[in-house]
Amino acid sequence: METVALIDYGSGNLRSAAKALERAAAGCHASFQVLVTSDADAVRKADRVVLPGVGAFADCKRGLSEVPGMLDALEEVVHGKGRPFLGICVGMQLMAERGREYGVTEGLGWIKGEVVKLEPADPTLKIPHMGWNELDIRREHPVLAGLPERAHAYFVHSYRFAVERPEDVIASADYGGPFAAVVGRDNLVGTQFHPEKSQETGLALVANFLTWRV
Amino acid sequence: MTDVTVERIDTLKTGDLHDLCDAADDAVKAGGGFGWVAPPAREIMERYWKGVLVVPERILFVGRLDGVIAGSAQLVKPARNNEAQAHAATLTTSFVAPWARGHGLARRLTVAVEEEARASGFRVLNLDVRETQSAAITLYEDLGFRRWGTHPFYALVDGKRLAGHFYVKDLTPDTLHDTP
Numbered sequence: 001m002e003t004v005a006l007i008d009y010g011s012g013n014l015r016s017a018a019k020a021l022e023r024a025a026a027g028c029h030a031s032f033q034v035l036v037t038s039d040a041d042a043v044r045k046a047d048r049v050v051l052p053g054v055g056a057f058a059d060c061k062r063g064l065s066e067v068p069g070m071l072d073a074l075e076e077v078v079h080g081k082g083r084p085f086l087g088i089c090v091g092m093q094l095m096a097e098r099g100r101e102y103g104v105t106e107g108l109g110w111i112k113g114e115v116v117k118l119e120p121a122d123p124t125l126k127i128p129h130m131g132w133n134e135l136d137i138r139r140e141h142p143v144l145a146g147l148p149e150r151a152h153a154y155f156v157h158s159y160r161f162a163v164e165r166p167e168d169v170i171a172s173a174d175y176g177g178p179f180a181a182v183v184g185r186d187n188l189v190g191t192q193f194h195p196e197k198s199q200e201t202g203l204a205l206v207a208n209f210l211t212w213r214v
Numbered sequence: 215m216t217d218v219t220v221e222r223i224d225t226l227k228t229g230d231l232h233d234l235c236d237a238a239d240d241a242v243k244a245g246g247g248f249g250w251v252a253p254p255a256r257e258i259m260e261r262y263w264k265g266v267l268v269v270p271e272r273i274l275f276v277g278r279l280d281g282v283i284a285g286s287a288q289l290v291k292p293a294r295n296n297e298a299q300a301h302a303a304t305l306t307t308s309f310v311a312p313w314a315r316g317h318g319l320a321r322r323l324t325v326a327v328e329e330e331a332r333a334s335g336f337r338v339l340n341l342d343v344r345e346t347q348s349a350a351i352t353l354y355e356d357l358g359f360r361r362w363g364t365h366p367f368y369a370l371v372d373g374k375r376l377a378g379h380f381y382v383k384d385l386t387p388d389t390l391h392d393t394p
């Protein structure tokens with residue numbers, strides 16, 4: 001049985017993410033144990049890691065740093081052991097080098113680029129961006145395998161990940177201009193949208209993540 | 215396949231309470247017509263929902279999408295001393311989180327409230343809605359609610375006056391005009 005650690009660091013309600021993982025796991029041939037945890041050791045031992053995140057970049061980074069040993073455990077499991085990692089929303093943004101929400105905050109630095117304010121070209125577009133948008137898949141990736149051509153996903157965010165290297169953008173979406181919707185390299189992947197609220201698209205992505213062989 | 219359910223609830227488990235707060239929060243941010251203009255602090259939101267459950271005149275329904283609470287609606291009964299309006303209940307604070315729209319959850323919630331009102335012996339179901347809630351207006355009219363009036367200054371949102379429409383549904387149309 002594989003364990004999937006969903007990191008609980010005080011960033012909002014994890015129930016919908018846990019339920020989506022459990023639901024996707026139930027549809028897979030392999031068996032998975034979904035562990036909602038704030039225990040660095042459990043994360044270190046996990047076969048797969050999911051980092052959610054709701055709210056501001058700085059708050060999330062602080063919350064994550066305050067969990068004893070968690071940053072080290074993440075480095076070890078993700079970079080040392082090369083286990084598949086999925087970041088969701090601010091959990092995805094934390095993979096950046098830095099965030100510019102309420103001052104400059106250092107990110108995990110796993111993907112080059114920074115998190116900046118969403119500034120749609122059309123000033124009538126509301127911030128936060130909230131709603132369903134079509135994914136423009138830039139390159140093939142196992143986590144997006146089998147998704148329909150015009151797959152839609154559910155976004156809630158006021159900031160976007162300005163990714164430095166174009167090859168790290170797996171899919172984009174448009175809200176008064178394109179922005180990174182799925183980023184990734186090697187064993188790392190992150191979604192700006194909420195797969196746990198994106199129904200069929202989200203469930204397919206989560207199922208793909210669970211069976212992703214890096 | 216998306217699993218859509220609606221149920222009446224009398225107690226909220228911690229997980230459900232968090233889901234309900236998240237869904238309400240999303241609906242408020244999306245301008246969903248819930249009483250708040252901006253989402254309140256989480257403790258206030260939690261206290262609100264806990265409060266709803268202890269008011270005897272309020273009956274709470276929640277809608278779930280794949281098991282996660284994604285919307286709710288309330289049936290409000292008249293106060294016990296209100297004899298003249300003891301026949302009329304009100305549907306209030308109906309919302310569906312933006313991520314869960316398009317699955318018929320609002321319709322299912324409205325029908326559940328209406329069925330509860332009928333089962334409790336009410337003859338009239340009232341509701342009111344901001345003029346900007348066009349999807350809700352279409353739904354209520356489709357379900358047989360009749361608009362009887364418009365309040366020109368129903369809500370004040372970001373300094374802007376919004377009108378609101380008032381609807382009624384005759385739950386027992388044959389007897390509604392009877393005199394006792």
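Quick mapping for you: the protein sequence lines, in order, are chains Y and Z.
The first sequence begins at 1 in this note's numbering and counts up by one.
The second sequence begins at 215 in this note's numbering and counts up by one.
All C-beta atoms, glycine included, are put in the ideal place defined by N, C-alpha and C.
Run of the beta strand (DSSP E) containing residue i, from where it starts to where it stops
i, result
"residue 384 of chain Z", "374 to 384"
"residue 191 of chain Y", "188 to 191"
"residue 329 of chain Z", "Looking at the DSSP string, residue 329 of chain Z is not in any beta strand (DSSP E); the run it does join, the alpha helix (DSSP H), is 319 to 333."
"residue 357 of chain Z", "Neither: residue 357 of chain Z is in no beta strand (DSSP E) and is coded neither H nor E."
"residue 131 of chain Y", "129 to 134"
"residue 339 of chain Z", "338 to 344"
Assigned secondary structure, residue i (DSSP; H/G/I helix, E/B strand, else coil)
i, result
"residue 393 of chain Z", "Its pLDDT being 49, under 50, residue 393 of chain Z is placed unreliably in this model, and the value from its coordinates should be taken loosely. Residue 393 of chain Z: coil per DSSP, three-state reduction."
"residue 248 of chain Z", "coil"
"residue 19 of chain Y", "helix"
"residue 225 of chain Z", "coil"
"residue 351 of chain Z", "helix"
"residue 83 of chain Y", "coil"
"residue 100 of chain Y", "coil"
"residue 238 of chain Z", "helix"
"residue 67 of chain Y", "coil"
"residue 313 of chain Z", "helix"
"residue 152 of chain Y", "strand"
"residue 174 of chain Y", "strand"
"residue 232 of chain Z", "helix"
"residue 219 of chain Z", "strand"
"residue 54 of chain Y", "coil"
"residue 217 of chain Y", "The structure shown has nothing for residue 217 of chain Y, since chain Y only spans 1 to 214."
"residue 167 of chain Y", "helix"
"residue 279 of chain Z", "strand"
"residue 222 of chain Y", "Within the shown structure, residues of chain Y are numbered from 1 to 214, placing residue 222 of chain Y beyond reach of any answer."
"residue 140 of chain Y", "coil"
"residue 74 of chain Y", "helix"
Cβ shell of residue i (< 6 Å), same chain only, five flanking positions each side left out
i, result
"residue 350 of chain Z", "343"
"residue 175 of chain Y", "120, 129"
"residue 78 of chain Y", "85"
Residues near residue i by beta carbon distance below 7 Å, same chain, minus five either side
i, result
"residue 272 of chain Z", "266, 288, 290"
"residue 204 of chain Y", "146, 147"
"residue 300 of chain Z", "292"
"residue 150 of chain Y", "134"
"residue 178 of chain Y", "172"
"residue 336 of chain Z", "301, 302, 303, 385"
"residue 138 of chain Y", "169, 170, 171, 172"
"residue 353 of chain Z", "320, 321, 324"
Boundaries (first-last residue) of the alpha helix (DSSP H) holding residue i
i, result
"residue 208 of chain Y", "199 to 211"
"residue 263 of chain Z", "256 to 268"
"residue 44 of chain Y", "40 to 45"
"residue 90 of chain Y", "90 to 93"
Sequence-distant residues of the same chain with beta carbon closer than 8 Å to residue i, five excluded per side
i, result
"residue 280 of chain Y", "The requested residue 280 of chain Y does not occur in the structure, where chain Y is confined to residues 1 to 214."
"residue 317 of chain Z", "216, 218, 279"
"residue 285 of chain Z", "237, 241, 276, 277, 308, 309, 310, 311, 314, 319, 320, 323"
"residue 208 of chain Y", "142, 143, 144, 145, 146"
"residue 70 of chain Y", "7, 9, 38, 40, 43, 64"
"residue 264 of chain Z", "226, 231"
"residue 184 of chain Y", "111, 141, 143, 168, 170, 190"
"residue 187 of chain Y", "78, 82, 83, 84, 85, 214"
"residue 19 of chain Y", "196"
**Message:** Under 7 Å, CB to CB, which of the residues in the region 127 to 146 of chain Y have a partner in chain Z?
**Reply:** Against chain Z - using a Cβ distance shorter than 7 Å - the residues of the region 127 to 146 of chain Y are 128, 130, 131.
**Prompt:** Which residues, taken in chain order from the region 9 to 26 of chain Y, show a beta carbon closer than 7 Å to some beta carbon of chain Z?
**Reply:** For the region 9 to 26 of chain Y, the set of residues with a beta-carbon nearer than 7 Å to any beta-carbon of chain Z comprises 13, 15, 16, 19, 23, in chain order.
**Request:** Please name the residues in the region 244 to 270 of chain Z whose beta-carbon is closer than 8 Å to at least one beta-carbon of chain Y, in chain order.
**Result:** From the region 244 to 270 of chain Z, only 244 have a Cβ closer than 8 Å to chain Y.
**Request:** Determine, using beta-carbon pairs with one atom in the region 292 to 300 of chain Z and one in the region 232 to 240 of chain Z, whether at least three such pairs fall under 8 Å.
**Result:** Three or more beta-carbon pairs separated by less than 8 Å are not found between the region 292 to 300 of chain Z and the region 232 to 240 of chain Z, which leaves the two stretches without contact.
**Message:** Beta carbons nearer than 9 Å to chain Y: which residues of the region 301 to 317 of chain Z have them?
**Reply:** From the region 301 to 317 of chain Z, only 311, 312, 313, 314, 315, 316, 317 have a Cβ closer than 9 Å to chain Y.
**Asked** Would you say the region 57 to 70 of chain Y touches the region 103 to 111 of chain Y, given that touching needs at least three Cβ pairs under 8 Å?
**Response** Contact between the region 57 to 70 of chain Y and the region 103 to 111 of chain Y is established, with three or more Cβ pairs separated by less than 8 Å.
**Message:** Under 8 Å, with one C-beta from each stretch per pair, do the region 247 to 257 of chain Z and the region 177 to 196 of chain Y reach the 3-pair mark?
**Reply:** Touching, no.
**Message:** Any contact between the region 78 to 98 of chain Y and the region 32 to 41 of chain Y? By contact I mean 3 or more CB pairs, one from each, below 8 Å.
**Reply:** No, they do not touch.
**Asked** For the region 84 to 112 of chain Y, which residues have a CB atom closer than 8 Å to at least one CB atom of chain Z, in sequence order?
**Response** Per Cβ criterion, the list is empty.
**Within 7 Å of chain Y by C-beta, residues of the region 277 to 297 of chain Z in sequence order** = Result list: 280, 281, 282.
**Prompt:** Going along the chain, which residues of the region 189 to 201 of chain Y sit with their C-beta nearer than 9 Å to a C-beta in chain Z?
**Reply:** Here the close residues are 194, 196, 197, 198, 199, 200.
**Request:** Report the residues of the region 361 to 392 of chain Z with a CB closer than 8 Å to any CB of chain Y, ordered along the chain.
**Result:** Residues passing the 8 Å Cβ filter: none.
**Message:** For the region 150 to 177 of chain Y, list every residue whose C-beta sits within 9 Å of some C-beta in chain Z, in sequence order.
**Reply:** Closer than 9 Å at the C-beta level to chain Z, one finds these residues of the region 150 to 177 of chain Y: 154, 156.
**Message:** Counting only Cβ-Cβ distances shorter than 9 Å, please list the residues of the region 316 to 346 of chain Z near chain Y, keeping chain order.
**Reply:** Answer in chain order: 316, 317.
**Residues from the region 216 to 233 of chain Z in contact with chain Y, defined by Cβ distance under 8 Å** = Taking 8 Å as the Cβ-Cβ cut-off against chain Y, the residues of the region 216 to 233 of chain Z that qualify are 216, 229, 232, 233.
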